[in-house]
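Structure first, commentary second.
Given below as structure tokens:
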């Protein structure tokens with residue numbers, strides 16, 4: 004498949020909308036584990052991104068520039084821990100598609116792989132720590148595996164998304180080992196990680212764009 | 006929960022605006038970034054600069070500690086969220102007088118990443134940066150995992166001693182050494198009685214019964230290590246002190262600074278009742294209190310409860326704690 008810069012921008016606009024709709028749900032998840040503001044933080048960040056998408060990025064055709072601007076805008080609006088994590092992800096993703104106004108299967112696979120590697124490099128969390136990475140690592144691993152076999156991004160992404168979803172759900176049953184919630188110890192069991200959840204939303208919002 | 010605000014989305018901007026306008030002789034906002042504030046007084050060339058920062062909602066921390074004898078600049082984040090690198094970078098550039106800048110902040114994942122990114126960015130502009138992370142909260146991780154511990158109210162003593170050392174002309178390495186030594190010798194333990202609520206959501210940060218308290222809670226409304234029935238102030242103080250003594254031996258004849266810190270909605274009356282017991286216990290142990298601080302120093306919006314912080318002082322730290330300070334929200338003569 005091929006994805007144009009216009010579709011790419013539209014994807015980010017959809018993320019803005021999803022985060023706004025899921026704001027209260029993410030806060031609710033975070034209240035069990037942290038200070039209850041994950042939805043607010045995501046909303047602040049993506050609303051700032053929305054502003055850029057409608058102005059500076061409205062006619063941008065370089066997918067790399069779109070992604071890195073999204074990352075930096077998000078970071079400058081939120082700080083926090085998700086700021087540097089998502090910013091690094093979108094900047095690394097942006098780097099591999101720099102100068103491209105249309106993305107083919109390989110570009111798309113490379114984009115998401117670089118995104119996940121960037122987040123991991125910044126946050127240094129592993130699977131099982133009860134973080135964003137519990138969604139992203141299984142997702143990226145499955146994406147690489149499946150794409151290597153089929154060279155088809157659409158089917159590989161769908162497979163990978165299922166792995167990400169499983170990873171997100173698995174955070175319910177594990178003890179938090181990193182970040183503020185780690186102080187809860189055993190009391191963190193039973194609550195799904197808000198970061199793993201917002202990461203899943205970012206990925207799952209991409210899927211509808213693959214069917215077009 | 007009720008709040009005197011206009012719009013939950015604008016609380017940080019409106020707070021900064023009011024703060025800068027209330028204290029024009031002490032502090033000013035940088036044009037480059039509205040979350041970057043610096044001391045209004047110009048410092049001598051060659052003085053090491055101190056940069057502090059963190060999320061909003063901890064007032065008077067962190068911006069209240071910019072002034073003579075404490076910090077030279079502050080980067081202000083969203084509520085309970087680390088500031089991004091941009092305001093940290095702008096403050097650094099504004100306060101560096103050629104002798105380097107010490108970043109003092111709490112050991113939280115977000116702060117570590119954002120301050121770390123900022124430090125990388127300013128190094129490219131040939132500014133030397135030292136980073137010291139406060140990690141005084143005994144409840145946030147066991148002793149074997151001390152590197153995971155967060156910073157809470159004890160951060161105040163790190164600012165105090167590092168700020169004094171910088172004012173006295175210590176070099177970058179020595180200011181950082183003083184800050185690290187203070188952190189090494191500081192332990193805090195908190196208790197929560199009632200939750201706070203974020204201005205954007207109005208929802209309580211945790212649930213707690215009328216007759217319950219959370220021992221060891223963090224200062225962002227994170228739940229504590231255990232929920233137990235509320236007891237008398239003396240019994241609560243004893244429990245908090247026991248945990249501190251188990252973690253850091255304080256022997257007869259040693260000197261300490263004490264901070265009984267309110268979390269936002271606990272009256273001074275209760276804080277002094279807590280301090281009264283702390284003084285009794287330390288006296289029984291033959292420990293000498295050099296300086297005591299009682300009040301709201303690092304808060305969590307309207308959370309109820311308090312923390313006790315003890316910092317062991319050698320002669321060098323004692324001298325630093327004693328130095329005068331003139332900040333908008335904290336003065337010591």
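Protein chains in written order, with the working numbering: chain B, 4 to 215; chain V, 6 to 338. Glycine included, C-beta positions come from ideal geometry on N, C-alpha and C. Model, not experiment: these values are computed from the prediction.
Please decide whether residue i counts as near chain B, where near means a Cβ-Cβ distance under 9 angstroms.
i: residue 208/V; result: yes
i: residue 44/V; result: no
i: residue 133/V; result: no
i: residue 195/V; result: no
i: residue 11/V; result: no
i: residue 20/V; result: no
i: residue 100/V; result: no
i: residue 113/V; result: yes
i: residue 217/V; result: no
i: residue 26/V; result: no
i: residue 251/V; result: no
i: residue 122/V; result: yes
i: residue 63/V; result: no
i: residue 225/V; result: yes
Out of curiosity, what's the CA-to-CA distance linking residue i and residue j?
i: residue 242/V; j: residue 113/V; result: 26 angstroms
i: residue 111/B; j: residue 184/B; result: 33 angstroms
i: residue 17/B; j: residue 69/B; result: 14 angstroms
i: residue 329/V; j: residue 172/V; result: 10 angstroms
i: residue 136/V; j: residue 88/V; result: 15 angstroms
i: residue 335/V; j: residue 310/V; result: 21 angstroms
i: residue 136/B; j: residue 285/V; result: 49 angstroms
i: residue 83/B; j: residue 29/B; result: 15 angstroms
i: residue 339/V; j: residue 316/V; result: Because residue 339/V is not part of the residues shown, which for chain V are 6 to 338, the question remains open.
i: residue 42/V; j: residue 210/B; result: 43 angstroms
i: residue 31/B; j: residue 208/V; result: 9 angstroms
i: residue 170/B; j: residue 44/V; result: 47 angstroms
i: residue 91/V; j: residue 79/B; result: 7 angstroms
i: residue 131/B; j: residue 249/V; result: 31 angstroms
i: residue 103/B; j: residue 47/V; result: 48 angstroms
i: residue 305/V; j: residue 84/V; result: 10 angstroms
i: residue 218/B; j: residue 187/B; result: One cannot answer for residue 218/B here, as it falls past the ends of chain B, which runs 4 to 215.
i: residue 146/B; j: residue 98/B; result: 19 angstroms
i: residue 277/V; j: residue 299/V; result: 7 angstroms
i: residue 115/V; j: residue 119/B; result: 18 angstroms
i: residue 212/B; j: residue 15/B; result: 11 angstroms
i: residue 64/B; j: residue 168/V; result: 49 angstroms
i: residue 184/V; j: residue 190/V; result: 10 angstroms
Taking the DSSP output, what are the residues bridged to residue i?
i: residue 136/V; result: 108/V
i: residue 267/V; result: 311/V
i: residue 316/V; result: 191/V and 262/V
i: residue 79/V; result: 42/V and 57/V
i: residue 211/V; result: DSSP lists no partner for residue 211/V.
i: residue 234/V; result: 217/V
i: residue 335/V; result: 332/V
i: residue 296/V; result: 262/V
i: residue 142/V; result: 193/V
i: residue 199/V; result: 309/V
Nearest chain V C-beta to residue i closer than 9 angstroms, yes or no?
i: residue 202/B; result: no
i: residue 85/B; result: yes
i: residue 53/B; result: no
i: residue 79/B; result: yes
i: residue 27/B; result: yes
i: residue 43/B; result: yes
Give me, in chain order, the residues of the same chain whose beta-carbon lies closer than 8 angstroms to that of residue i; leave out the 5 immediate sequence neighbours on both sides.
i: residue 18/V; result: 39
i: residue 23/B; result: 46, 49 and 50
i: residue 212/V; result: 200
i: residue 33/B; result: 39, 40, 41, 42 and 197
i: residue 121/V; result: 136
Report all residues from its chain with a CB closer than 7 angstroms to the CB of residue i; omit the five preceding and five following residues, and keep chain order.
i: residue 101/V; result: 54 and 132
i: residue 229/V; result: 144, 197, 219, 220, 221 and 222
i: residue 168/B; result: 203
i: residue 106/V; result: 54, 56, 97, 100, 132 and 134
i: residue 9/V; result: none
Between residue i and the rest of its own chain, which residues show a CB-CB distance below 6 angstroms, the 5 nearest in sequence each way excluded?
i: residue 86/V; result: 60
i: residue 105/B; result: 5 and 7
i: residue 133/B; result: 174, 177, 179 and 196
i: residue 269/V; result: 304, 305, 306, 307 and 308
i: residue 161/B; result: none
i: residue 231/V; result: 220
i: residue 77/B; result: 48, 52, 89 and 90
Can we count residue i as close to the ligand ATP, meaning its CB is less than 8 angstroms from some heavy atom?
i: residue 115/V; result: In terms of ligand content, the structure shown is empty, and the ligand ATP therefore cannot be addressed.
Restricting to runs no shorter than 4 residues, where is the alpha helix (DSSP H) found entirely within the stretch 8-73 of chain V?
Every unbroken stretch of the alpha helix (DSSP H) spanning 4 or more residues and falling wholly within the stretch 8-73 of chain V is given here in chain order: 16-27.
What runs of the alpha helix (DSSP H), each 4 residues or longer, lie entirely inside the stretch 116-186 of chain B?
Fully enclosed alpha helix (DSSP H) runs of 4 or longer: 136-153 and 156-173.
Enumerate, from N- to C-terminal direction, the unbroken beta strand (DSSP E) stretches of 3 or more residues contained entirely within the stretch 87-117 of chain B.
Runs of the beta strand (DSSP E) inside the stretch 87-117 of chain B: none found.
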